[in-house]
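To convert a position in the sequence shown, counted from 1, into the working numbering, add 35. Yeah, the Cβ is synthetic: ideal placement off N, Cα and C, and Gly gets one too.
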Amino acid sequence: MIDVQLLKESANLQLNINDFSDSQIQNHKLLFTKLKELFLEKGHQAEWYKLVSGFTPQYKSADQVNEISQRVQQEKQKTKEYRLEIEQKKEEMISLSNQLQHLIDQIQLNKQQLFNDLSIAKEKEQELLDLQIEFQNNDELLESEKQELELMKQLEMELKKQKEQNDKLKKRKDELLTNNEELKRTQQEAAERELEAKRISEMKDPKVEELGKWFKEQLNLLYRFTQTKINTLSDTKFQIFKYFRLTKADHIEYQDVLEIIADMPLNEAIGTAVTLLNNRVKNYLSRKSEMQVIVENGGIFDDELLELLVQAESGRAFVLKLDPNYPLSGLEHVKVVGIEPQEYDDEKLVWTEKIRAMDIKTVTELLPLLE
């Protein structure tokens, strides 16, 4: 067996104790002790002896130790920085963990809200199903009401037809009443005429019969030659009709004629009225013919207002107001009621006086003189 103490002394002789600290030397000693024990336990004494006898420890110099110390300090500083960084990461992880926990809580709340919404949705779905059932019932009710409405429309149409029939019956009834009244009035007039005829026949006066025949002949001649018809309503009432061949649009003033013959005897009134109306018709037809020619050449004539719009060769427009008796009255009562463009304020009055002073009778002669 190898002497352990001798091995230690042999190892210590090979160490430069001044270059290491006590702890470092102690570490080397422990290392050798462990190595020795390991080899001895394994039964390798010869190998241990050979290893120890040929082992020459190689120790670091002081500069190398300082370098190693600096490196150790640097590693410590790095370790410290790394530890600080780990602390920061730890804080960040804690913050992230808190945020994650907050998100988890929020998710739980959302989950609960979703669960509540799902419950509400199920309730709404049930309500919709109930409403659908109710709507189906309402559809049946609506269909029933629709049928009732169609029935009411049919009844309304029948009532409308019945009302129309009632209106027609009422109108027919009114017509029958009117016809009955007319028939009664006609019967009454016939009875009166019958009494009058009986009275006349009882008189048996030849002069009266001769006068009646003569009166009828005169009425027939008057209608034949003058188109004037007289209806005898009674001994004191007559209707006088004068017929002219005019169109529907023609209009002849007659009120002044009635005023003229109002106080005349019957025979003079008839003759005067016929003459005046004949002259009025001739005058009207003459004016209408002249105005038609002027309108065909670009003029505009208002038959009701008796106003004529013409354009002079100078380009100016003149509006002439004709007299109802034109052309029989000539240009004596013609007025200029409009000039466009007007050169001065009193130009219309000046032109009116100028036209009345001219030695001409018709508008056709006047047109070339307008300027």
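Candidates the options, of which the one nearest residue i by Cα
i: residue 317; options: 113, 364, 345; result: 364
i: residue 319; options: 333, 335, 339; result: 339
i: residue 312; options: 179, 360, 160; result: 360
Residue i versus residue j: straight-line alpha-carbon distance, rounded
i: residue 217; j: residue 202; result: 22 Å
i: residue 119; j: residue 129; result: 15 Å
i: residue 125; j: residue 133; result: 12 Å
i: residue 40; j: residue 115; result: Residue placement at residue 40 is flagged as unreliable, the pLDDT there being 47, under the threshold of 50; the coordinate-derived value follows with that caveat. Roughly 43 Å separates the two Cα atoms.
i: residue 386; j: residue 310; result: 35 Å
i: residue 177; j: residue 165; result: 18 Å
i: residue 321; j: residue 331; result: 16 Å
i: residue 227; j: residue 372; result: 59 Å
i: residue 283; j: residue 358; result: Its pLDDT being 42, under 50, residue 283 is placed unreliably in this model, and the coordinates cannot settle the point.
i: residue 140; j: residue 117; result: 33 Å
i: residue 384; j: residue 404; result: 16 Å
i: residue 121; j: residue 136; result: 21 Å
i: residue 376; j: residue 350; result: 9 Å
i: residue 195; j: residue 186; result: 14 Å
i: residue 131; j: residue 152; result: 30 Å
i: residue 190; j: residue 181; result: 14 Å
i: residue 157; j: residue 150; result: 10 Å
i: residue 183; j: residue 220; result: 53 Å
i: residue 174; j: residue 143; result: 45 Å
i: residue 315; j: residue 382; result: 33 Å
i: residue 200; j: residue 206; result: 10 Å
i: residue 159; j: residue 188; result: 40 Å
i: residue 171; j: residue 179; result: 12 Å
i: residue 138; j: residue 113; result: 36 Å
i: residue 281; j: residue 378; result: Note on residue 281: pLDDT 48, under 50, position unreliable in the model; the coordinate value appears next. Residue 281 and residue 378: Cα-Cα distance of roughly 42 Å.
i: residue 223; j: residue 208; result: 22 Å
i: residue 162; j: residue 154; result: 12 Å
i: residue 108; j: residue 98; result: 15 Å
i: residue 197; j: residue 213; result: 24 Å
i: residue 145; j: residue 123; result: 32 Å
i: residue 111; j: residue 127; result: 24 Å
i: residue 204; j: residue 230; result: 38 Å
i: residue 334; j: residue 374; result: 14 Å
Contact under 7 Å by Cβ, residue i with residue j
i: residue 406; j: residue 347; result: yes
i: residue 342; j: residue 323; result: no
i: residue 395; j: residue 402; result: no
i: residue 362; j: residue 397; result: yes
i: residue 344; j: residue 328; result: no
Any C-beta of chain B under 7 Å from that of residue i
i: residue 368; result: In the structure shown, chain B cannot be found, because there is only a single protein chain.
Give, in chain order, every unbroken run of the alpha helix (DSSP H) that is at least 4 residues long and sits entirely within the region 319-344.
DSSP runs (the alpha helix (DSSP H)) wholly in the region 319-344: none.
Validate contact between the region 366-374 and the region 382-394 using beta carbons, cut 8 Å, 3 pairs:
Contact between the region 366-374 and the region 382-394 is present: three or more C-beta pairs spanning the two stretches fall below 8 Å.
Please go through the region 96-171 and give each complete alpha helix (DSSP H) segment of 4 or more residues, from N-terminal end onward.
If only complete runs of 4 or more residues are kept, the region 96-171 shows no alpha helix (DSSP H) anywhere.
Which residue spans inside the region 333-400 form an unbroken beta strand (DSSP E) run of at least 3?
Segments of the beta strand (DSSP E) lying fully in the region 333-400: 335-337, 342-346, 352-356, 370-375.
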